[in-house]
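So the sequences go chain by chain: L and W.
Be aware that the first sequence starts at 1, since it is given in my numbering, and climbs by one per residue.
Be aware that the second sequence starts at 233, since it is given in my numbering, and climbs by one per residue.
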Amino acid sequence: MKNIVEIKDLTKKYFNKVALNSISLNIEQGKVVGILGPNGSGKTTLIKILTGLLRQTSGDVIIDGQSIGVYTKSVVSYLPDRNFLYKWMRIDDAMKLYKDFYSDFDEKKFNELLDFMKLEKNMKIDALSKGMHEKLNLSLVLARNAKLYILDEPIAGVDPVARDQILDAIINNYNEKSSMLITTHLVRDMESILDEVVFLKEGSIVLTGNAEALREERGKQIDDIYKEVFGE
Amino acid sequence: MEFSENLPIYIQIMNLIKGKMVSGEISGGDKLPSVRELSKELKVNPNTIQRAYQELEREELVFTQRGMGTFATEDINTIKTLKKTMATELVDRFFIDMGKLGFSSDEVKSLILDWIQREERE
């Protein structure tokens with residue numbers, strides 16, 4: 001199987017603080033990979049390097065055969081963990097912005113996602129609840145026909161109904177041609193949609209593997225393994 | 233569905249389907265939901281559902297027809313065997329748990345007889 005992402009000996013230092021310590025990781029096409037770790041473990045730093053927002057101190061990062069740059073940015077669809085739309089916008093404006101920016105934006109797919117999320121195009125961004133924000137942002141991100149989807153904490157802080165809709169949208173939009181990388185510390189809610197898990201602790205990968213194989217090997221759900229790895 | 237047992241999810245899904253086959257909720261020859269449908273319904277990665285179906289096929293409980301989907305076996309004997317196996321597992325677990333509570337086989341036997349008598353009266 002082809003790798004969409006290849007990371008080798010990746011290190012990132014902020015001055016003398018090490019945020020990522022020589023991590024290596026491959027993501028195969030068609031896989032959903034969960035990056036699990038508490039706050040401050042390096043998840044967001046890793047994502048920022050993959051999306052080209054930060055440069056690594058050393059190591060190689062390849063996405064779809066290329067180093068991080070204009071091409072990789074065009075095939076990576078990224079859901080940040082905070083709002084990135086202007087307050088004055090309506091959902092319709094946000095869609096136009098995405099259409100202008102990304103040639104792989106699929107308007108039909110977006111409309112279907114909006115329908116599914118029960119959002120209307122004339123709604124003002126300003127007036128959306130936290131859950132609605134998250135649903136809109138995810139709709140924009142999933143409406144692109146990307147090679148790699150990066151979802152940073154997609155269900156953090158949303159109510160259980162919105163959470164289920166978000167999980168459904170992620171599953172419905174799974175396809176064998178692209179990969180997904182999802183960071184979360186809400187392992188219980190997310191684990192059944194993950195193929196592979198990567199436990200990140202203080203900038204290092206402490207455990208990684210196929211989620212089902214880990215469950216089988218340890219006789220525990222990933223959530224319990226998480227508590228074991230990160231609980232003191 | 234909550235996957236809380238300490239088993240891989242694909243095995244929990246297999247058990248769910250096996251249970252439905254034994255209870256008759258799924259009859260011989262019935263078409264099972266597609267991988268995508270079941271994936272949506274259970275909120276589980278499609279690759280995991282695929283794995284569950286493959287294992288069920290290996291156990292000859294289901295069969296795949298190319299382009300048509302996955303179907304429950306029509307072989308009555310296979311279902312009978314499955315029913316027996318699942319029942320035996322339940323009984324085994326019951327006796328182990330009762331043993332842990334300190335019940336002897338005779339005590340368990342009288343408990344079961346009491347239970348049956350009560351059922352019959354009602």
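Here a beta-carbon is modelled for each residue, glycine too, at the ideal position from N, C-alpha and C.
- Fewer than three pairs of CB atoms, one per stretch, sit closer than 8 Å, so the segment 108-120 of chain L makes no contact with the segment 59-75 of chain L.
- When secondary structure is reduced to three states using DSSP, N279/W falls in the helix class.
- At a cut-off of 8 Å between C-beta atoms, L167/L counts as an interface residue with respect to chain W.
- Contact note: D195/L reaches chain W through N277, N279, T280, using a C-beta cutoff of 9 Å and chain order.
- Exposed is the label assigned to T320/W, since fewer than 16 other Cβ atoms lie within 10 Å of its Cβ.
- For F327/W, the enclosing alpha helix (DSSP H) covers residues 308-332.
- For the segment 152-183 of chain L, the beta-carbon criterion of a distance under 7 Å to any beta-carbon of chain W is satisfied by L167, D168, I171, N172, Y174.
- For the C-beta of R283/W, the chain L residues within less than 9 Å are, from N- to C-terminus, E212.
- Closest in C-alpha terms to Q244/W, from the list P265/W, D262/W, E287/W, S266/W, comes E287/W.
- For E354/W, no pairing in a beta bridge is given by DSSP.
- T45/L is positioned such that its CB atom lies no closer than 8 Å to that of L25/L.
- Sorting V276/W, M330/W, K263/W by C-alpha distance to the C-alpha of R298/W places K263/W at the top.
- Here T302/W is buried, its C-beta having at least 16 other C-beta atoms within 10 Å.
- S139/L has a beta carbon lying at 8 Å or more from every beta carbon in chain W.
- In the same chain as N145/L, and ignoring 5 residues on each side of it, the C-beta atoms closer than 6 Å to its own belong to D104, D106, in chain order.
- Residues of chain L with a Cβ closer than 8 Å to the Cβ of K272/W are, in chain order, D168, I171, N172.
- Taking the beta carbon of E216/L as reference, the chain W residues within 7 Å of it are P240, listed in sequence order.
- Per DSSP, the continuous beta strand (DSSP E) segment holding V32/L begins and ends at 32-36.
- P154/L and K316/W have their C-alpha atoms spaced approximately 44 Å apart.
- Boundaries of the alpha helix (DSSP H) around I49/L: 43-50.
- Contact annotation, D195/L with N238/W: C-beta distance approximately 20 Å; criterion of less than 8 Å not satisfied.
- Fully enclosed beta strand (DSSP E) runs of no fewer than 3 residues occupy 148-152, 179-184 of the segment 105-188 of chain L, in order along the chain.
- Taking 8 Å as the cut-off, the beta carbon of L148/L is found no closer than this to the beta carbon of I47/L.
- Per DSSP, G301/W is one residue of the beta strand (DSSP E) stretching across 301-304.
- K31/L is positioned such that its CB atom lies no closer than 8 Å to that of T183/L.
- At the C-beta level, E292/W and T305/W come within 8 Å of one another.
- Assigned with DSSP and collapsed to three states, Y86/L falls in coil, not helix or strand.
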